[in-house]
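Chains as they are written, first to last, in the numbering used here: chain Y, -13 to 235; chain L, -13 to 235; chain A, -13 to 235; chain V, -13 to 235; chain E, -13 to 235; chain D, -13 to 235.
We treat Cβ as the ideally placed atom computed from N, Cα and C, and that holds for glycine.
6 protein chains.
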Amino acid sequence: MARHDGREATELRNIQIEKDYLIHPEGSVLITVGQTKVICTATIEAKVPHFLRGQGKGWVTAEYSMLPRATNQRTQREASRGKIGGRTMEIQRLIGRALRAVIDLEKLGERTIWVDCDVIQADGGTRTASITGAFVALSLACAKLDLPVFPVTDYLAATSVGVLEEAGAVLDLDYSEDSKAEVDMNLVMTGAGQFVEIQGTGEEATFSRAQLNELLDLGEAGIQRLVAVQKEVLGDISSRIGEKAGTIQ
Amino acid sequence: MARHDGREATELRNIQIEKDYLIHPEGSVLITVGQTKVICTATIEAKVPHFLRGQGKGWVTAEYSMLPRATNQRTQREASRGKIGGRTMEIQRLIGRALRAVIDLEKLGERTIWVDCDVIQADGGTRTASITGAFVALSLACAKLDLPVFPVTDYLAATSVGVLEEAGAVLDLDYSEDSKAEVDMNLVMTGAGQFVEIQGTGEEATFSRAQLNELLDLGEAGIQRLVAVQKEVLGDISSRIGEKAGTIQ
Amino acid sequence: MARHDGREATELRNIQIEKDYLIHPEGSVLITVGQTKVICTATIEAKVPHFLRGQGKGWVTAEYSMLPRATNQRTQREASRGKIGGRTMEIQRLIGRALRAVIDLEKLGERTIWVDCDVIQADGGTRTASITGAFVALSLACAKLDLPVFPVTDYLAATSVGVLEEAGAVLDLDYSEDSKAEVDMNLVMTGAGQFVEIQGTGEEATFSRAQLNELLDLGEAGIQRLVAVQKEVLGDISSRIGEKAGTIQ
Amino acid sequence: MARHDGREATELRNIQIEKDYLIHPEGSVLITVGQTKVICTATIEAKVPHFLRGQGKGWVTAEYSMLPRATNQRTQREASRGKIGGRTMEIQRLIGRALRAVIDLEKLGERTIWVDCDVIQADGGTRTASITGAFVALSLACAKLDLPVFPVTDYLAATSVGVLEEAGAVLDLDYSEDSKAEVDMNLVMTGAGQFVEIQGTGEEATFSRAQLNELLDLGEAGIQRLVAVQKEVLGDISSRIGEKAGTIQ
Amino acid sequence: MARHDGREATELRNIQIEKDYLIHPEGSVLITVGQTKVICTATIEAKVPHFLRGQGKGWVTAEYSMLPRATNQRTQREASRGKIGGRTMEIQRLIGRALRAVIDLEKLGERTIWVDCDVIQADGGTRTASITGAFVALSLACAKLDLPVFPVTDYLAATSVGVLEEAGAVLDLDYSEDSKAEVDMNLVMTGAGQFVEIQGTGEEATFSRAQLNELLDLGEAGIQRLVAVQKEVLGDISSRIGEKAGTIQ
Amino acid sequence: MARHDGREATELRNIQIEKDYLIHPEGSVLITVGQTKVICTATIEAKVPHFLRGQGKGWVTAEYSMLPRATNQRTQREASRGKIGGRTMEIQRLIGRALRAVIDLEKLGERTIWVDCDVIQADGGTRTASITGAFVALSLACAKLDLPVFPVTDYLAATSVGVLEEAGAVLDLDYSEDSKAEVDMNLVMTGAGQFVEIQGTGEEATFSRAQLNELLDLGEAGIQRLVAVQKEVLGDISSRIGEKAGTIQ
């Protein structure tokens, strides 16, 4: 049965990545996935957190936030509530961890890259759009550093897959799909087709091993298409990312 | 002597107001003033704060924030620090107070309008751009309400004026001018040419009554031009704003 | 190659679940998994959170904490720091979500069950031990309610799997294994062998689909053994949990 | 028409400044303006904030607070609420900024002067009384430092002006006047008659340029009388403040 | 051997209680004990905390604070630190508990009395001066209520006793004595000579039963003299406090 | 008249101290006093707080907490509320101060001992059980340090005494007794029979000097029995605690 917006089960939403979106950051993009829009920036700081000092290694960390009216109902600002919520913490830890899987921290040297993902408009998949966009912002920022070896070792992109009652397993859920999905899974993979993160949740439900395999197949295919978009946006910088990167082996 | 970007002392930067910038809010704009960009949204909530309940009156309140990399150096998020800084508080109180001067709260009825001003890119004048943009978002949101009398009573716009050592009194300072100005003044005025707020500060310096008068003249002229832009952007809604509004009397 | 404590790759650590460990809570256990010890309690409150009022449904929520010297180095209390860390938030959200997959919230009625998991001693796998123990505490608490239909619909247990350089894929990692694992995955499953949560992370590394499958096989087998321990501890209450529960189908 | 307490429109309330009010601080006063009473202290610390280290310059910063029963209704303590409100932040930033306009930070050397303004009893004009009193406390503290050149360069005082429906433009509003004023303006000026701060607000109303000029005239005259009181209180120290200080030029 | 200020071991410092010190509160005093000065106010609120609603009983609660420069070194404001320190909490809990021992909460009716003790200048004994002063403020506030039976049942006053190396057991320690005392004890007693609180601490030292008895003798005598001062200050209100109150039995 | 659990007025509850309860801390016990159970740990850190640096002295500090379901009703976590309550602060300050009375901080050297008391199950007397248990954990930790002179100078134990309407003065109150006691007193004493802390409170009531003496007699006897238990548990370490320690003189 068809999806509410007419997409095939295996179809991504429209993707656009506008690079150098802002004038100040070392790297920045506006990524649009359907109606979801996220500004991703990468800032290079010439020092590392306490626990890494003097080891010659760098660090990548991420922060994530939504504008109050990115959502259909206005959400109270975390600054007003005086603390960061659990969902935000989970997402920003995920983004940072995922990016660190494709950056050689020794080659980065004693620098921190701060990645900021600010959701301007939300329609499902904000954390995966953030990862896909942040990878590009991070690569743009690294290209501004005069390093002997480019520290980015492979592409990195993310998408969601899920199970809908009426449509079965589908790729890249928008908000209306996500809110009624029985199973919801976020996948982060490299250009070479390796897994970085799998986060699958039965939403007050459960799923079988067979369903899991079907979802993984959908996600792998979708991520390869996202990587193709990243390559095109990065242009010349692409050639500096590891030779075998972006090739399923 | 000329300003660093070649503008006349009496010249505003380029202004653009893109209306209905986001899909979710009742009113939204992206306002661009030179390199300063602010997303302003207006959200209508069908209740009022505690202190107004049962009085048949509405309320307008504002929140202001900057993305971490809106600025040249990354600024730590207020949510991460766990509290809102003094500068942010001052600005959001100013925006709310200013907007309340041109809205008839009785005609609004028992509703709150939440105005959110999120600075995407900062190059000086973020608080005045926020007010100028927020007025349009607020008017767009009010136009969605089915009210017998339109509650917006006049236009409202804001700009800055200041004294530079090399150029004397100038209009609409960008960041590089603002950071070395001897006197810095923000003006909020109505379409009819009345003052709503004057905030003038000798930045570790002082200013004379004569200088004050020169600055007020510059600001009045600039605000009339901002109001003209607002009128054009609002189109048909313009006719619903008070009859004499926007006319110097 | 052998694991540092002589276990087979497919072997769990010793498990003990001491039920009714405390006198005050409606349900409580001390679960011991190797050297990891967690006190899990379930508290029944006769009301539900705001967002559920008047719907005739209940809620299950969880909190997780570690004593400062549960760990090898003393950890500062979150109460002293004035906020709950990201790791704690992630874990307590996971525990609550997982438990809600095997409880019929309509049958629970307008009640909240607060599950508290307090780690007395940590040696890896504290979040999975918490889930396995919390399920028993929750079932004990439900048995104290005089409900027409028992609201727990199946068993729920969790364990970790991971990839070690020297030993390959292994089950139930202790702290020394976990801290050097290349891949780390937490699995939560039901007695019927359905997945509730998969959280797999390449720790600054990545993993292939083949490795994923090997890990899932190990985890499924381990969880069935944990469910067997739960059944024995619950004794008579076991018969009240859904008929087909605990049977791979 | 007369004011409710019989004052002329151009008349200040009774002013008293009791110097060396406390035994511990380097400078302290109790300032009384009508029924408004503020304890102002100045503390000298032999270091500067991070952003000024090693520049040979000093710093002046201010904090402001009200006792809970300074007001007619008890106000909850900000320490109990765990955060400082927006109004308090605005006021303490204003006090600090204003004082820095009349102190030569290079001549102060690498020292911080902490100014504390604690309102014991409030009846309108607490921020302007704080500035007028703080100036004296600051001067007393500077006189205790053995500096080659006295760092205070001119007098500094503040008052409010406003527009009342029944009495027109008036000077130095008390609480009952302030709470119904249509326009409310705070002025901070030097002894030489220069402006340091103008903060004028139409309280959900607006004001014309002509009204603004009338208010500025009233305020200038009032501040000169406040400076005369400061001179008398400071006695011998007066001669150390800049030669031309306190003289309209 | 003599005390540093020439007092006998059994001698209190000079005491003054200035009643109706502020215009707004229902009851207020400035209490001066030597160089220690505390403003104590009592505020009557026409409701009680949640846990007492509908029981026909009232409540008395206290808050305590020090101005930053009440002390020799400036103390950071608790509002700035965002939390109330342990010492402040201990003291305000003590003040509230002590006052509740001499007020009949049923006779007070469903009202809360908020007692605020703000230390303007500190020279030892701020918590005991707060209790002695707060009792008078509380009685003044109760006298403003039109109650059939006066709810204050006896006098209440407090002082400190301690052991000094050079002078042995002494009454009413000032700051210089307190900071080197081996034993430090605060006593709160009623007019009838009953104990309300004893808090005795060996400051990194210990004390014998014999020393304890000597200290209690000194304290009892001192408190009777404080009660005499309270009686005189309260004047006519004195006759409304319980008939046998203030008489050792 | 008999106590509800059949104890004599002079009788302690059953005491057990299980030493080396946890594997990670330098010293740890589980102390059980009737139904009250507290885990006490001592952690040695090789540095001291700021205010002690460079003086060659050590420090002992304590933290106290209760698991949410240690109590009959679930208590919200202080970490969730974002701040530590007044009662907790009072207790942890008391524990730290008491322990410092029997440790020679010079002999400890520049080290901090962190004592953590976590109440697993509460039935009255948690603060006194914490002190009695913490003393043993502290001694165990000190025994792991290779110090020329053992820094613990005497035993330290604590108990409560109180006045019950039906049973008069009694020793070691459980929760049901404590909650209706007219007078409640906590005593901390050394093995040599010296007082370290006396905290006696008339709970909205008062007590006479005669009652005070009766309570002190009961408490002294109880503490001697607690010290005897500590000696037995410490075994060989006992001989390293000051020669005359634990002997009434």
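Note down, in chain order, every chain V residue with its Cβ under 7 Å from the Cβ of Ala87 (chain L). At a C-beta separation below 7 Å, Ala87 (chain L) has these neighbours in chain V: Gly188, Glu190, Ala191, Thr192.
When the Cβ atoms of the segment 71 to 91 of chain L are set against those of the segment 46 to 62 of chain L, are three or more pairs found closer than 8 Å? yes
Given a cut-off of 7 Å on the beta-carbon distance, is the pair Thr18 (chain Y) and Ala123 (chain Y) in contact? no
Can you tell me where the alpha helix (DSSP H) holding Val215 (chain E) begins and where it ends? 195 to 220
Beta-carbon separation (whole angstroms), Leu8 (chain Y) vs Arg(-1) (chain L), contact threshold 8 Å: That pair is no contact at about 17 Å.
Work out the CA separation of Glu(-3) (chain D) and Gly110 (chain D) for me, nearest whole Å. 15 Å
Start and end residues, beta strand (DSSP E) containing Glu4 (chain Y): 1 to 5
For Ser125 (chain A) and Ile184 (chain A), I'd like the C-alpha separation in whole angstroms. 23 Å
To which residues does DSSP link Ser51 (chain A) through a beta bridge? Its beta-bridge partners are A:Asp104.
Classification of Asn58 (chain Y) by the beta-carbon crowding that lies within 10 angstroms, buried from 16 upward: exposed
Quick check: Arg60 (chain A) and Thr74 (chain D), are their CB atoms within less than 7 Å of each other? In this structure, Thr74 (chain D) does not lie closer than 7 Å to Arg60 (chain A) by Cβ.
Can you tell me where the alpha helix (DSSP H) holding Glu163 (chain D) begins and where it ends? 161 to 164
Return the chain-ordered ranges of every beta strand (DSSP E) run that is complete within the segment 115 to 187 of chain D and spans a minimum of 3 residues. 142 to 150, 154 to 157, 169 to 176
Taking just the CA atoms, how far does Ala214 (chain Y) sit from Gly221 (chain Y)? 11 Å
Considering only C-alpha positions, which residue in the set L:Ile106, L:Pro137, L:Glu64 is nearest to Leu85 (chain L)? Checking every option, the nearest Cα to that of Leu85 (chain L) belongs to L:Pro137.
Taking the alpha-carbon of Val147 (chain V) as reference, which of V:Phe193, V:Phe121, V:Val135 has the nearest alpha-carbon? V:Phe193
Apart from the five residues just before and just after Asp132 (chain L), which ones in its own chain have a Cβ nearer than 7 Å to its Cβ? Correct list: empty, nothing qualifies.
Express the C-alpha separation of Ala178 (chain Y) and Leu16 (chain L) in angstroms, rounding to a whole number. 39 Å
In whole angstroms, give me the CA-to-CA distance for Tyr161 (chain Y) and Pro35 (chain Y). 36 Å
Taking the DSSP output, what are the residues bridged to Glu31 (chain D)? Within the DSSP secondary-structure output, Glu31 (chain D) pairs in a beta bridge with D:Thr98.
With a threshold of 6 Å (Cβ to nearest heavy atom), would Gly71 (chain Y) be considered close to the ligand MN? This structure lacks the ligand MN, and indeed carries no ligand of any kind.
What does Gly13 (chain L) pair with, by DSSP beta-bridge criteria? L:Ala28
Could you tell me the alpha carbon to alpha carbon distance between Gly163 (chain L) and Leu150 (chain L), rounded to whole angstroms? First, the amino acid is wrong: residue 163 (chain L) is Glu here, not Gly. Their backbone Cα atoms lie some 7 Å apart in a straight line.
Are any of the Cβ atoms in chain V nearer than 7 Å to that of Gly72 (chain L)? yes
What three-state label does DSSP hand Lys69 (chain V) in the structure shown? coil
For Trp45 (chain Y), which residues in chain L fall below 7 Å Cβ to Cβ? Simply none; closest approach about 14 Å.
Excluding the 5 residues flanking Arg(-11) (chain L) on each side, which residues of the same chain have their C-beta closer than 6 Å to its C-beta? Ala153
For Glu168 (chain D), which of D:Gly188, D:Ile89, D:Asp158 has the nearest alpha-carbon? D:Gly188
Please return the same chain residues whose Cβ sits closer than 8 Å to the Cβ of Gln62 (chain V), not counting the five positions on each side in sequence. The residues Pro54, in chain order, have a CB closer than 8 Å to that of Gln62 (chain V) in the same chain once the five nearest residues on each side in sequence are set aside.
Below-7 Å beta-carbon distance, Gly183 (chain V) vs any chain L residue: As written in the sequence, residue 183 (chain V) is Glu, which differs from the Gly given in the question. Yes, Glu183 (chain V) counts as interfacial toward chain L.
Cross-strand partners of Ile89 (chain A) (DSSP beta bridge): A:Val138
For a cutoff of 7 Å on Cβ pairs, would you count Pro134 (chain E) as touching chain F? The question asks about chain F, but that chain is absent: this structure's protein chains are Y, L, A, V, E and D.
Comparing alpha-carbon positions, which option in Y:Lys69, Y:Asn199, Y:Ala143 lies nearest Ile117 (chain Y)? Y:Ala143
Considering only residues of the same chain and omitting the five flanking positions on each side of Thr139 (chain A), which have a CB-CB separation below 6 Å? Val88, Asp90, Gly228
What do you reckon, are the CB atoms on Val24 (chain V) and Gly119 (chain V) nearer than 7 Å? Closer than 7 Å, so yes.
Looking only at C-alpha atoms, which of D:Ala108, D:Lys33, D:Ile70 sits nearest to Arg97 (chain D)? D:Lys33
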